[in-house]
Amino acid sequence: MPVVHGATAPVFEGPDVTAVGLAAPGRGAVETCAWRATIRARAAGHEHMVDREEVFVVLAGKGVVTLGGESGDLGAGDALVVPPLTPFKLANPHDEPLELVCVLPVGGQAVVGGGEPFTPPWAR
Numbered sequence: 000m001p002v003v004h005g006a007t008a009p010v011f012e013g014p015d016v017t018a019v020g021l022a023a024p025g026r027g028a029v030e031t032c033a034w035r036a037t038i039r040a041r042a043a044g045h046e047h048m049v050d051r052e053e054v055f056v057v058l059a060g061k062g063v064v065t066l067g068g069e070s071g072d073l074g075a076g077d078a079l080v081v082p083p084l085t086p087f088k089l090a091n092p093h094d095e096p097l098e099l100v101c102v103l104p105v106g107g108q109a110v111v112g113g114g115e116p117f118t119p120p121w122a123r
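According to numbering that gives the first Met the number 0, the sequence shown is numbered sequentially starting from 0.
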């Protein structure tokens, strides 16, 4: 049975984010990747883009998204849909962590700055 238990799922640490890998090809998924992300308080975020549609669902906390040059607030219960190849940044200027579930099709890649496309480790 392809169940990934959160308590034993792989954890990936970044400068301002912790990602818990849930669904991914390395954990039995064929079409969809999903992970839980916690963005630390007072994190500025960094602009990047993905080559496939990405969806974020806010579980707790508040954040600010900048997408295609426009900024907006996010809170618990909100969903953010990021179109492919659209620069965006997700920041948490608040005092509490921002917790999200993120979904990206298998094979989706990210691009940071002018760098080469890559598959994030939590989506492998």
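For each residue, glycine too, the CB sits at the ideal point set by N, CA and C.
Between T65 and A90, the C-beta gap is smaller than 9 Å, which places the two residues in contact. G71 sits in a strand when the DSSP states are folded into three classes. Straight through space, the alpha carbons of P92 and P1 are spaced by roughly 37 Å. Here the alpha carbons of V16 and A42 stand approximately 8 Å from one another.
Per DSSP, the beta-bridge partners of P104 are T31. Excluding its 5 nearest sequence neighbours in each direction, F11 has C-beta neighbours in its own chain below 6 Å: A18, P120 and W121, listed in chain order. Comparing C-alpha distances from H47 to each of A109, F117 and E115 shows the shortest one belongs to A109. Around the CB of E95, fewer than 16 other CB atoms lie within 10 Å, so the residue is classed as exposed. Around the CB of A33, 16 or more other CB atoms lie within 10 Å, so the residue is classed as buried. When only Cα atoms are considered, L84 and K61 end up about 24 Å apart.
The beta carbons of G107 and D50 sit closer together than 9 Å.
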